[in-house]
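Numbering (my numbering), first residue to last: 34 to 414. Worksheet: the structure to be examined is printed underneath.
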Ligand SMILES: [Zn+2]
């Protein structure tokens, strides 16, 4: 194995962020060690919720505070553009300041993360540079060249990722790398037809030379609402995940893995949406799309959590919950001339969706005892 790079900079853990803001990696390593306010050795995972609107942020805070959970909020490039009225850099500033304002009044600790940052394009590079200044964690996804749509070489991936680590780690901002190609469509900038598994030899070189403490290996998850064929179970390569964890732990036990495309599918949400769409007399085309949605089975995700996957990225399931609740609200009444009525209905549903995933991941009681009895929680639309 040839080592081309000098020792990478260590993550500066002395950095102090704004009140109640915390480095993304800190939340994850706490989960890997099983540290909670009242216990240790209880492994849990941190769901990373992709938020695209202020409403999503509000709902997530409500869920985190109810359960005393790790607060990890992620932004895709297109979400940042949405926050910034077309400009991702403005979006970074607006969204991060909004979250910092809420964080000053919260009971938990919150991390903000850039999802699928692209250091290879000029535009993407500016967003990563801005995110290193304004967020507490960034992903530098250099495993594919997004303008060409082809996988990058290991050398290129290491080189670009290392540049981001050089910039972020001294500021206490954690960096997530990606190794292997993940299939599916997540975002306008994140799509690929085929996926390839992470190679264990490449993993070791990648971790040593980049210095990242967060890594998204590919073990069979897929982005988007159609993760497999209806009726068939999505199968992940859990054995490979354990093999990768073993070699990562020999390098640094603080290295944590990240599962992308980890949304499950809530059958109650699908049933609810289909019933409401039927009552509204909606197009058969829309109803059948709902029937074709396939998520990753939760048992598979649990297998990953046992293999060091502490960050579980979820987006699709929350989008589906939002949409189902909106359809239901419109079926209830489409003549209430009050934006807050529909806003409240969808925010309440989003909060439930977040609570459900946090409870499934064992992520409660991290900062304080939950305000509800988690064993009695029922996700109802
Ligand atoms: Zn992803």
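By construction, the Cβ of each residue, glycine as well, lies at the ideal position given by its N, Cα and C atoms.
Excluding the 5 residues flanking it on each side, residue 287 has same chain C-beta neighbours closer than 6 angstroms at 62 and 246, in chain order. By the beta-carbon neighbour count (other beta carbons within 10 angstroms, threshold 16), residue 374 is exposed. Taking a contact to require three or more Cβ pairs closer than 8 angstroms, the region 269-286 and the region 329-347 qualify as touching. Residue 309 sits buried, since 16 or more C-beta atoms from the chains shown fall within 10 Å of its C-beta.
Comparing alpha-carbon positions, the option among 187, 162 and 125 lying closest to residue 231 turns out to be 187. Per DSSP, residue 209 lies in no alpha helix (DSSP H) segment; the continuous beta strand (DSSP E) that holds it begins and ends at 207-212. In the structure shown, residue 89 adopts helical secondary structure according to DSSP, grouped into three states.
Every alpha helix (DSSP H) stretch that sits fully inside the region 107-176 and reaches 4 residues is listed by chain position as 110-116, 121-136 and 155-167.
Residue side-chain check: residue 163 keeps its Cβ at 7 angstroms or more from all non-hydrogen atoms of ligand 1.
Here the alpha carbon of residue 331 sits roughly 6 angstroms from the alpha carbon of residue 297. For residue 82, the enclosing beta strand (DSSP E) stretches over residues 79-83. Three or more beta-carbon pairs separated by less than 8 angstroms link the region 382-392 to the region 91-107, which places the two stretches in contact. The straight-line gap separating the alpha-carbon atoms of residue 302 and residue 100 is approximately 22 angstroms.
No heavy atom of ligand 1 is found nearer than 7 angstroms to the CB of residue 110.
The count of Cβ pairs closer than 8 angstroms, one atom from the region 63-80 and one from the region 391-410, reaches three, so the stretches are in contact. In the DSSP assignment, residue 248 is bridged to 210 and 290. Contact check for residue 248 against residue 48 fails: the beta carbons are separated by 8 angstroms or more. The beta-carbon distance between residue 346 and residue 291, rounded to whole angstroms, is 7 angstroms. This is short enough to meet the 8 angstroms contact definition. Contiguous alpha helix (DSSP H) elements confined to the region 329-367 occur at 331-338 and 349-365, taking only those with 4 or more residues. The three-state reading of DSSP puts residue 179 in coil, since its state is none of H, G, I, E or B. Residue 101 sits in coil when the DSSP states are folded into three classes, being neither helix nor strand. The region 293-329 contains, as complete alpha helix (DSSP H) runs of 4+ residues, the segments 300-312 and 317-325 (chain order).
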